[in-house]
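FYI, the numbering for the sequence shown is 97 to 240, going by our numbering. We put the CB at the ideal spot given by N, CA and C, even for glycine.
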Amino acid sequence: MRRARFLLFPFALAACCEITGSCETSDCTPEITPLTASFNTFAANGAPVATFRLTQDHLSPADGCNGERGGPVTLAVTGIAPVPLRFDYTLQGVGASGLVVWSNAGSVPRLAPGQTLNLGQVARTPVRVDVGARAILANIFTVP
Numbered sequence: 097m098r099r100a101r102f103l104l105f106p107f108a109l110a111a112c113c114e115i116t117g118s119c120e121t122s123d124c125t126p127e128i129t130p131l132t133a134s135f136n137t138f139a140a141n142g143a144p145v146a147t148f149r150l151t152q153d154h155l156s157p158a159d160g161c162n163g164e165r166g167g168p169v170t171l172a173v174t175g176i177a178p179v180p181l182r183f184d185y186t187l188q189g190v191g192a193s194g195l196v197v198w199s200n201a202g203s204v205p206r207l208a209p210g211q212t213l214n215l216g217q218v219a220r221t222p223v224r225v226d227v228g229a230r231a232i233l234a235n236i237f238t239v240p
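In structure tokens, the structure reads:
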């Protein structure tokens, strides 16, 4: 009798796996797609301020596999103004529908012409960073 139970168990496990959909195959390694999005920002008077560059290693589970989607979004800002500036920003990631799906606010205390500041992770989102993003700038001042 014990032997019969032992032989039925693998079949019961396979049936449960197929019914619940929680089967993981050995090839469930997520696909990692490096994505970038960059855009220039301008003051209200049209003067150039900075280029915002967003990067994301976007994870996509293999077909039929469970797993996390998306990934962290990092920000680098490069000065495109002819003089050093300080400014505040609100960065927003938008989804395909145009709605804001993530937001991050921060300040840049000093950004010289051509200087790049790596500001690190600003969001973690399942939405691809190359779908869209925008920055709203405020309190832009020249600094020594």
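Requested in this report: Indicate whether the contact test is met: 3 or more Cβ pairs, each with one atom in the segment 137–153 and one in the segment 216–235, closer than 8 angstroms.
Outcome: yes
Query raised in the report: Are there three or more Cβ pairs, one per stretch, closer than 8 angstroms when the segment 150–168 is compared with the segment 195–211?
Result: In short, these stretches do not touch, since the Cβ pair count stays below three.
Query raised in the report: Is Ile236 helix, strand or coil by DSSP?
Result: strand
Query raised in the report: How big is the Cα-Cα spacing for Pro130 and Val227?
Result: 13 angstroms
Query raised in the report: Under the rule that 16 or more other beta-carbon atoms within 10 Å means buried, what is Ala229, buried or exposed?
Result: So Ala229 counts as buried.
Query raised in the report: Quick one: what does DSSP say Val213 is sitting in, helix, strand or coil?
Result: As written in the sequence, residue 213 is Leu, which differs from the Val given in the question. Of the three classes helix, strand and coil, the one that applies to Leu213 here is strand, per DSSP.
Requested in this report: Run the CB neighbour count on Val239, radius 10 Å, all protein chains shown included, and call it buried at 16 or more, exposed below.
Outcome: exposed
Query raised in the report: Which of helix, strand or coil does DSSP assign to Pro178?
Result: DSSP, read as helix, strand or coil, puts Pro178 in coil.
Requested in this report: Count the CB pairs spanning the segment 167–183 and the segment 208–219 that are closer than 8 angstroms, and state whether there are at least three.
Outcome: yes
**Report entry** Close-in-space but distant-in-sequence residues of the same chain around Thr125 (CB under 7 angstroms, 5 per side omitted)
**Finding:** Ala158
Query raised in the report: Between Ala208 and Gly167, is the Cβ-Cβ spacing less than 9 angstroms?
Result: no
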